[in-house]
């Protein structure tokens with residue numbers, strides 16, 4: 001069984017052997033030793049009580065909360081969003097294993113894979129074409145002058161591969177056509193548009209400064225085009241394609257990831273120009289969403305990469321309102337969140353241009369405020385503070401905002417600030433704050449679950465606690481059999497002779513079938529190696545779950561008992577099936593068939609009542 005076309009089996013084996021799962025997982029998760037296991041908070045879902053477990057002995061991980069599990073390749077693949085070959089390649093490079101299968105790694109058999117590979121190559125060439133046209137042709141002179149007027153140096157232009165799409169209809173179309181790319185596919189990939197009369201294709205982007213968009217591996221998957229002068233739309237992004245999904249893409253994440261990993265902190269901007277200018281100012285962990293507000297998919301990518309997020313959105317009303325929507329999403333994911341506040345009307349690009357990069361770092365990035373402080377600042381802007389009525393209304397709203405905060409220390413801190421600023425008794429403010437909290441708790445108990453909707457992300461719906469479900473005897477038997485089979489080829493052979501893959505649970509039957517094939521190829525017991533052959537998320541999780549069970553003594557009598565329990569369940573299910581068939585036969589008037597089925601039912605009932613079983 002080949003694991004992945006183009007990657008030798010020996011490489012997979014070596015990658016698994018030379019990448020210790022505890023060491024790899026430990027780069028992302030703080031693990032604590034508990035007996036023979038290592039435990040920590042799951043990186044795949046939010047939790048406060050560790051349910052994520054790593055077994056050094058078996059080189060496996062498993063989360064009892066969300067069910068994620070597998071070997072070190074699976075861990076890296078899931079956490080970083082890599083494909084199987086990408087995860088293998090990453091781990092191979094880290095372990096110093098030569099990567100010499102790359103040429104064949106991209107050989108694809110499915111139309112989808114072929115299309116994707118072709119589009120990736122076309123996007124890479126397109127980015128280089130636009131960059132060349134900007135830097136080396138008369139088409140790009142005006143665009144280059146514009147970029148320089150915006151403070152972008154040649155070094156920045158090269159680093160971000162900024163380019164220019166000329167105001168012509170067929171520059172890219174001819175370029176791709178000469179290289180024999182399928183223009184219909186290029187249309188579906190967002191690079192071209194069909195002509196109105198259907199006679200051919202034209203360039204999607206024309207007369208625009210072009211910003212390549214990359215995936216997390218640094219591969220170009222789309223473009224953002226910006227007009228220099230008047231016109232609509234001012235900004236034009238690639239459409240949704242098999243490469244580009246704006247709800248899952250963060251601008252410049254591939255370059256920022258190293259600094260994010262090192263610092264544990266990510267800076268979230270609104271646009272790509274903010275990222276570029278902030279990068280030049282020294283903020284190397286900045287990313288931005290692309291033509292959309294923050295999504296749950298974005299948050300999941302961020303949560304996997306960072307522990308802390310600084311939101312740096314525009315200082316206008318739209319930017320601040322967007323920040324208010326973004327903060328609860330980040331907090332709900334368990335991310336420590338703060339806000340870098342900009343003066344009203346300025347975005348990071350404007351601030352850096354007006355006051356310089358040093359001032360941006362010193363006055364904005366180095367002084368982020370808490371989410372509560374940001375809400376108070378935002379609230380203040382909506383009240384006329386020079387009027388007594390405006391000040392009074394602000395204080396009332398500020399107390400309500402403070403009351404929503406769980407931390408008593410922070411409530412006291414901000415209430416003291418209000419007391420000093422507005423010369424109001426602290427006791428009065430505390431009493432009012434207490435009344436607001438009581439009312440909110442009352443509303444919550446009456447079913448108003450929105451009372452604390454933004455509060456620190458602590459209002460997330462958690463799985464109901466309680467004892468794990470008790471498995472039926474046949475499921476326990478199948479799991480224990482598979483656990484031993486995964487670690488002993490001889491026992492797997494004995495089970496094959498007595499049971500084959502006739503397991504009751506579908507996933508168990510599939511695992512058994514794969515395992516028989518694995519051993520038939522001459523492989524020895526190696527659970528990580530076997531799991532790597534599955535290439536099926538559900539089966540990988542099932543195998544990891546089974547292997548995380550405590551090892552128990554095993555002998556021939558136990559094997560006999562397990563097979564008996566499974567056979568009994570099979571007979572019970574067959575009996576139920578025959579009874580249903582008998583009912584249908586009787587209703588249809590087929591009495592001869594009904595009589596035959598009754599004979600089978602009686603035989604099955606006798607076997608079950610007397611505890612008889614097939615000889616083996």
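In full-length UniProt numbering, the protein residues as written are 1 to 616.
All C-beta atoms, glycine included, are put in the ideal place defined by N, C-alpha and C.
Item	Value
Cα separation between residue 7 and residue 222?	28 Å
Among 277, 299, 238, 287, which one has its Cα closest to the Cα of residue 255?	287
So, residue 603 versus residue 594, is the Cβ gap smaller than 8 Å?	no
Taking residue 33 as the reference, which of 311, 53, 19 has the closest Cα?	53
Pick helix, strand or coil for residue 384, following the three-state DSSP scheme.	coil
Quick one: give me the first and last residue of the alpha helix (DSSP H) that residue 299 is part of.	296–305
Sorted by chain position, which residues of the same chain lie with C-beta nearer than 8 Å to residue 451's C-beta, five sequence neighbours on each side aside?	Per-residue confidence for residue 451 stands at a pLDDT of 41, beneath the threshold of 50, marking its modelled position as unreliable; the derived number appears in the next sentence. Excluding residues within five positions, the ones whose Cβ falls inside 8 Å are 404, 440, 441, 443, 444.
If distances are taken between C-alpha atoms only, which option among 165, 563, 124 comes closest to residue 144?	165
Report the partner residues of residue 33 according to the DSSP bridge assignment.	38
For a test of the three-state rule: what should DSSP assign to residue 462, helix, strand or coil?	Residue confidence is low: residue 462 scores 37 on pLDDT, short of 50, so the model does not pin down where it sits. No coordinate-derived value is stated.
Can you tell me which of 67, 228, 485, 383 puts its alpha carbon nearest to the alpha carbon of residue 149?	228
What did DSSP end up calling residue 136 once you bin it into helix, strand or coil?	helix
Would residue 61 pass as a contact of residue 84 if the rule is Cβ separation under 8 Å?	no
Which residues does DSSP list as the beta-bridge partners of residue 390?	Partner(s): none; residue 390 has no beta bridge.
To the nearest angstrom, how far is the alpha carbon of residue 511 from that of residue 328?	42 Å
Can you give me the C-alpha to C-alpha distance between residue 557 and residue 57, rounded to a whole angstrom?	27 Å
Who are the Cβ neighbours of residue 218 in its own chain at under 7 Å, not counting the five residues just before and after it?	254
Quick one: Cα of residue 620 to Cα of residue 335, how far?	Outside the modelled stretch of the chain, which goes from 1 to 616, sits residue 620, for which no answer is possible.
Output the distance between the C-alpha atoms of residue 407 and residue 25, rounded to the nearest integer angstrom.	32 Å
Give a yes or no on whether the C-beta atoms belonging to residue 72 and residue 12 are separated by under 8 Å.	no
Have a look at 475, 572, 208 and flag the residue whose alpha-carbon is nearest the alpha-carbon of residue 606.	572
Give a yes or no on whether the C-beta atoms belonging to residue 539 and residue 507 are separated by under 8 Å.	yes
Pairing CB atoms from the stretch 308–322 with CB atoms from the stretch 263–279, are three or more of them under 8 Å?	yes
By DSSP, does residue 290 sit in helix, in strand, or in coil?	coil
Exposed or buried, which one is residue 454 when buried takes at least 16 other CB atoms within 10 Å?	Any answer about residue 454 is weak, because its pLDDT of 40 lies below 50 and its placement is not dependable; what the coordinates show is given next. When all chains shown are included, residue 454 counts as buried.
Got a sec? Which residues, its chain only, sit under 6 Å from residue 581 by beta carbon, not counting five neighbours each side?	597
Below 8 Å on the Cβ atoms is my guess for residue 185 versus residue 115; work out the distance and round it to an integer in Å.	6 Å
Going straight from the alpha carbon of residue 467 to that of residue 296, what length do you get?	Note that residue 467 scores 48 on pLDDT, short of 50, meaning its location in the model is unreliable and no value can be drawn from it.
Just the Cα atoms here: how many angstroms apart are residue 526 and residue 86?	22 Å
Sort 291, 391, 393, 434 by Cα distance to residue 631 and report the nearest one.	Past the boundaries of the shown model lies residue 631; the chain is included only from 1 to 616, so the question cannot be answered.
If you drop the 5 nearest sequence neighbours on each side, which residues of the same chain put their C-beta closer than 8 Å to that of residue 416?	426
Can you tell me whether residue 77 is buried or exposed, with buried defined as 16 or more other CB within 10 angstroms of its CB?	buried
To the nearest angstrom, report how far apart residue 156 and residue 163 are at their CA atoms.	12 Å
How big is the Cα-Cα spacing for residue 211 and residue 250?	13 Å
My understanding is that residue 325 touches residue 293, with C-beta atoms under 8 Å, so please give their C-beta distance in whole angstroms.	7 Å
Hey, residue 167 and residue 204 are a contact pair by Cβ (cut 8 Å); roughly how many whole angstroms apart?	Rounded, the Cβ-Cβ distance is 13 Å, inconsistent with contact.
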